[in-house]
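I have placed the structure first, in the form of structure tokens, so that the comments after it can refer back to it.
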């Protein structure tokens, strides 16, 4: 089943922060985060493997609550280049190892 | 990071023709590759898993006779859309896992297919 992302869309001014959430109804092995610009392929941001794991990538970080089957992506001091659609991809593991099921996406727009 | 290429980047074809899309891992070997399809303003949907040396496995609802997958080598997988119809028009993207343990999926740049 497709994970649910919230919110569906976010509009920010440069320098503002945002949080994007991803919830799954199934137990997860890992959560992957991607950003996609219009007409381009998704670009890998980060992967979270363990419950409670947090990772950072410049001003973008993420957490993974394995128990709650949730992950959140944190964007701080947003820049214009952060605009795009953010997808979480969940991996169930086991026989589904390597297969990602993507959420519906969150459209992030950063204005000057 | 690892690099995955796709060819062609864009293709326009007539209804009823077949189209082949190539996916290559440029600086690493991939025994498994994944094919996704993305319709406008929608999410990526996994179509099939391409396995080097064995048959591809297809997701529920994906016609294996229509979307032929061949994993010819450790760096090349091809997707052939047979007898394409306008409803097959979409953005087709492949991915390959790279690195150890984490199985980070690296995506190719995608192929925009338009069937007239």
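Chains as they are written, first to last, in my numbering: chain A, -17 to 94; chain B, 3 to 118.
Note that beta-carbon positions come from the ideal geometry of N, C-alpha and C, so glycine has one too.
Owing to the predicted nature of the structure, the values given are computational and were not obtained by experimental measurement.
Selection from the options that minimises the alpha carbon distance to residue i
i: residue 16 of chain B; options: B/95, B/97, B/96 and B/83; result: B/83
i: residue 27 of chain B; options: B/68, B/54 and B/116; result: B/54
i: residue 74 of chain A; options: A/-13, A/8, A/-8 and A/-12; result: A/8
i: residue -8 of chain A; options: A/70, A/78 and A/66; result: A/66
i: residue 42 of chain B; options: B/118, B/89, B/4 and B/32; result: B/89
i: residue 116 of chain B; options: B/107, B/25 and B/94; result: B/94
i: residue 11 of chain A; options: A/85, A/78 and A/94; result: A/78
i: residue 92 of chain A; options: A/69, A/71, A/60 and A/48; result: A/60
i: residue 44 of chain A; options: A/16, A/94, A/-10 and A/-11; result: A/16
i: residue 86 of chain B; options: B/23, B/35, B/4 and B/9; result: B/23
i: residue 45 of chain B; options: A/42, A/-17 and A/48; result: A/-17
i: residue 58 of chain B; options: B/40, B/47, B/33 and B/39; result: B/33
i: residue -2 of chain A; options: A/49, A/89, A/56 and A/31; result: A/56
i: residue 106 of chain B; options: A/90, A/48, A/24 and A/54; result: A/24
i: residue 18 of chain B; options: B/25, B/91, B/61 and B/98; result: B/91
i: residue 49 of chain A; options: A/31, A/63 and A/89; result: A/31
i: residue 71 of chain B; options: B/79, B/38 and B/98; result: B/79
i: residue 49 of chain B; options: B/68, B/61 and B/40; result: B/61
i: residue 65 of chain B; options: B/81, B/56 and B/77; result: B/81
i: residue 69 of chain B; options: B/37, B/110 and B/4; result: B/37
i: residue 58 of chain A; options: A/46, A/40 and A/52; result: A/40
i: residue 98 of chain B; options: B/52, B/47 and B/40; result: B/52
i: residue 110 of chain B; options: A/90, A/-6, A/22 and A/68; result: A/22
i: residue 56 of chain B; options: B/39, B/63 and B/35; result: B/35
i: residue 2 of chain A; options: A/52, A/62 and A/76; result: A/52
Cβ distance (whole Å) where residue i is taken to contact residue j below 8 Å
i: residue 74 of chain B; j: residue 30 of chain B; result: No, residue 74 of chain B and residue 30 of chain B are not in contact; Cβ-Cβ is about 16 Å, not under 8 Å.
i: residue 114 of chain B; j: residue 20 of chain B; result: Actually they are not in contact, since the Cβ atoms of residue 114 of chain B and residue 20 of chain B sit about 17 Å apart, beyond 8 Å.
i: residue 96 of chain B; j: residue 6 of chain B; result: 7 Å
i: residue 80 of chain A; j: residue 70 of chain A; result: With a Cβ gap of about 16 Å, residue 80 of chain A and residue 70 of chain A do not count as contacting.
i: residue 83 of chain A; j: residue 13 of chain A; result: About 11 Å separates the two Cβ atoms, so there is no contact after all.
i: residue 4 of chain A; j: residue -15 of chain A; result: 5 Å
i: residue 18 of chain A; j: residue 88 of chain A; result: Contact doesn't hold; Cβ gap of about 11 Å is too wide.
i: residue 90 of chain A; j: residue 64 of chain A; result: 6 Å
*asked:* Output needed in chain order: residues of the segment -8 to 14 of chain A with a Cβ under 9 Å from some Cβ in chain B.
replied: 12 and 14
*Using a Cβ-Cβ cut-off of less than 7 Å, give me the residues of the segment 89 to 102 of chain B that come near chain A, in sequence order.*
95 and 99
_Start-end ranges of the beta strand (DSSP E) lying completely within the segment -3 to 45 of chain A, minimum 3 residues_ = 0 to 5, 12 to 18, 25 to 30 and 36 to 39
*asked:* If the cut-off is 8 Å on Cβ atoms, which residues from the segment 59 to 92 of chain A count as contacting chain B, listed in chain order?
replied: 69, 71, 73, 79, 80, 81, 82, 83, 84, 85, 86 and 87
*For the segment 14 to 27 of chain A, which residues have a CB atom closer than 9 Å to at least one CB atom of chain B, in sequence order?*
14, 16, 18, 21, 22, 23, 24, 25 and 26
*Going along the segment 37 to 49 of chain B in order, which residues come within less than 7 Å of chain A, judged by CB to CB distance?*
45, 46 and 48
_Uninterrupted alpha helix (DSSP H) stretches inside the segment 55 to 89 of chain A (no shorter than 4 residues)_ = none
_beta strand (DSSP E) segments (min. 3 residues) lying fully within the segment 15 to 65 of chain B_ = 21 to 27, 34 to 40 and 46 to 53
*Select from the segment 53 to 70 of chain B all residues with a C-beta closer than 7 Å to any C-beta belonging to chain A, and list them in chain order.*
none
*Taking only beta carbons into account, state which residues of the segment 39 to 56 of chain A come closer than 9 Å to chain B, listed in chain order.*
none
*Closer than 9 Å, Cβ to Cβ, to anything on chain A: give me those residues from the segment 12 to 29 of chain B, in chain order.*
none
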